[in-house]
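Report on one structure; see the data block that follows.
Residue numbers (my numbering): 86 to 715.
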């Protein structure tokens, strides 16, 4: 965390000075706004939190509830999400309060007596070291609290506008605020009161029954039979030996339980299988009582028993596998003629079972993908065509998720008499771990993802995939750190310059690249950074030397990597790193000893890998991605 650049800070450094829309922010919804977000679930809150980093963008987020979510709903946090939390500044705190999953235990019918269950296998959660972050369980309400804190502490001073329900919208491209949205108050004196507000862009994060989705005419293109679940967060006494481990439990009759220990040491959640129901058919399963859910759980757990002492929360819900045909308001036959104004995220555009623990995680990545793009377009950093990449990128990911979840769900539902490999379920879990952990996402070439022409220069940073962190040493203070942890959710691009073999400051490709970046008219750093902003306002430029820290003399480091910023022109000392001799990043990530430039998007995905000498290619890449601001 960096602070004091604008003067001494004696209070909580997470609280930034108010700026832009955060100065005298009106308590009531304004009539005009740049971005309106509908829904304060994970997809909506991460979108708002990212946009709160842009105080000159007037963003509001409305929620029909009267206040914050208190309990229930999603709880699984995959490692990719924790990486994202690191970018927003609260990974360490949420890890400290969460339950950590290190393995999944598989219980199956006893081969000697199918009426009983036995422990069949214990699969480790991550056998490959795919992330330095753990797999967590924590109440969705707490995740939303952390994003709310990011918003409240930001220069925008953003907070949800509770008590407003979305009713409809219309689009008239003739005005500066073309999306007219009708809202209806749900609380107190405003209950039943209609308001019409106007926005440049609208984000529908309003869940599986999204009214925003309906308003833009988007439809489900794939619908599979719903599965009914009884879900309960309980405190109980039991002789089931793995009650504090994540378990996938299959019983003789095919009914199953997904057991999730919760934070705090005592609470746990059970997703109890109530069977498949026909979509649009009989809804009687929704009337299943908590006593019936507990009885079903006891039947599946036989010969073990479950004596529930307290129910913190319970629900019955049906979840189908559904994918919406598009994630914005542009009809599929008009993709070449229109640009989007309205977007949908999270459950509004994809739903699936709870078995793979993906809902909240994929929804948050939707919001992270979209928010910085909207911000760059509204601020004039990028052309409006950038917004079309949201639906193009995220629809593919949602389709992959549903395909994966269908496989996982069918394996969990198999009965002993169905035959097949007895270890099929746990083998599939281990073999496909990278997908549910959130690391199989690989965006295809577009205006913000280059062709992998030079991938051999950094094989460990695949173009289109998330930037996988690695240990380095920060030269100025000799601190061992994770390189990826420097990346903050501030909307900036990252340019990681991995040096060639000469010492930093000696004649080299790195020195020429740094000189070009600081002086050339074609330099993205100069071309796209407004003259009245700090030189690092749009691009964060980092150096990683091949030598250890003792081989890097800060006095010889090009000014490109030690910019002077803020009102006092202070030097940023946190952009120069050296390889850790014991865990050399060049070796770990397959980086050429001739050096490389790794370009990373604001949402942490690798956009390009280039030689240090390929300055023309770097300039051309940003020429299609950004708009000159000088």
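The beta-carbon is built from N, C-alpha and C at its ideal position, and this holds for glycine as well. Predicted model only: the values in this text are computed from it and were never measured.
In this structure, the beta-carbon distance from residue 593 to residue 586 falls below 9 Å. Within the stretch 123-175, the complete beta strand (DSSP E) runs of at least 3 residues fall at 144-148. Residue 646 carries a helical assignment under DSSP once its states are collapsed to helix, strand and coil. In the DSSP assignment, the residues bridged to residue 184 are 222. Annotation: residue 589 to residue 582 spans about 12 Å, alpha carbon to alpha carbon. Taken atom to atom, the span from the alpha-carbon of residue 89 to that of residue 654 is near 12 Å.
In the DSSP annotation of this structure, the continuous segment of the alpha helix (DSSP H) that includes residue 707 starts and ends at 700-708.
By the Cβ neighbour-count rule, residue 542 is buried, with 16 or more other Cβ atoms within 10 Å of its own.
For residue 428, the uninterrupted beta strand (DSSP E) run begins and ends at 427-429, by DSSP. Relative to the Cα of residue 203, the nearest Cα in the group 230, 190, 214, 154 belongs to 190.
Residue state for residue 106 is assigned as helix, using DSSP reduced to three classes.
Annotated three-state conformation of residue 412 is coil, per DSSP.
The Cβ atoms of residue 144 and residue 128 do not sit closer than 9 Å to each other. With a cut-off of 8 Å on Cβ pairs, the stretch 468-481 is in contact with the stretch 408-422, counting three or more such pairs. Annotation: residue 164 to residue 186 spans about 10 Å, alpha carbon to alpha carbon.
Straight across, the Cα-Cα distance linking residue 580 with residue 695 is about 11 Å. In the structure shown, residue 660 adopts coil according to DSSP, grouped into three states. Listed in chain order, the non-local C-beta contacts of residue 619 below 8 Å within the same chain comprise 648, 650, 651, local neighbours out to five positions each way being set aside.
For a cut-off of 8 Å, the C-beta gap from residue 549 to residue 528 is around 4 Å, short enough to register as a contact. Segment contact: the stretch 135-149 against the stretch 488-497, fewer than three CB-CB distances shorter than 8 Å; contact not assigned. Between the C-alpha atoms of residue 382 and residue 357 there is a straight-line separation of about 6 Å.
Boundaries of the beta strand (DSSP E) around residue 358: 353-362. Counting only unbroken stretches of 3 or more residues, the beta strand (DSSP E) elements lying wholly within the stretch 202-247 are 220-222, in sequence order.
Residue 122 and residue 698 have their C-alpha atoms spaced approximately 43 Å apart.
Under the DSSP definition of a beta bridge, residue 378 lacks any partner. By the neighbour-count definition (other C-beta atoms within 10 Å, threshold 16), residue 625 is a buried residue. In summary, residue 156 is exposed, with fewer than 16 beta-carbon neighbours lying within 10 Å of its beta-carbon over all protein chains present. Between residue 450 and residue 482, the CB-CB gap stays under 9 Å. The Cβ-Cβ distance between residue 106 and residue 142 falls below 9 Å. Of the other Cβ atoms in all chains shown, fewer than 16 fall within 10 Å of the Cβ of residue 394; this residue is therefore exposed. For residue 331, the pairing in a beta bridge is given by DSSP as 189. For residue 198, DSSP records a beta bridge to 195. When the beta-carbon positions are compared, residue 262 and residue 118 come within less than 9 Å of each other.
Straight across, the Cα-Cα distance linking residue 148 with residue 458 is about 23 Å. Secondary structure note for residue 567: its beta strand (DSSP E) is the uninterrupted segment 564-567.
Counting only the Cα atoms, residue 521 lies some 35 Å from residue 285.
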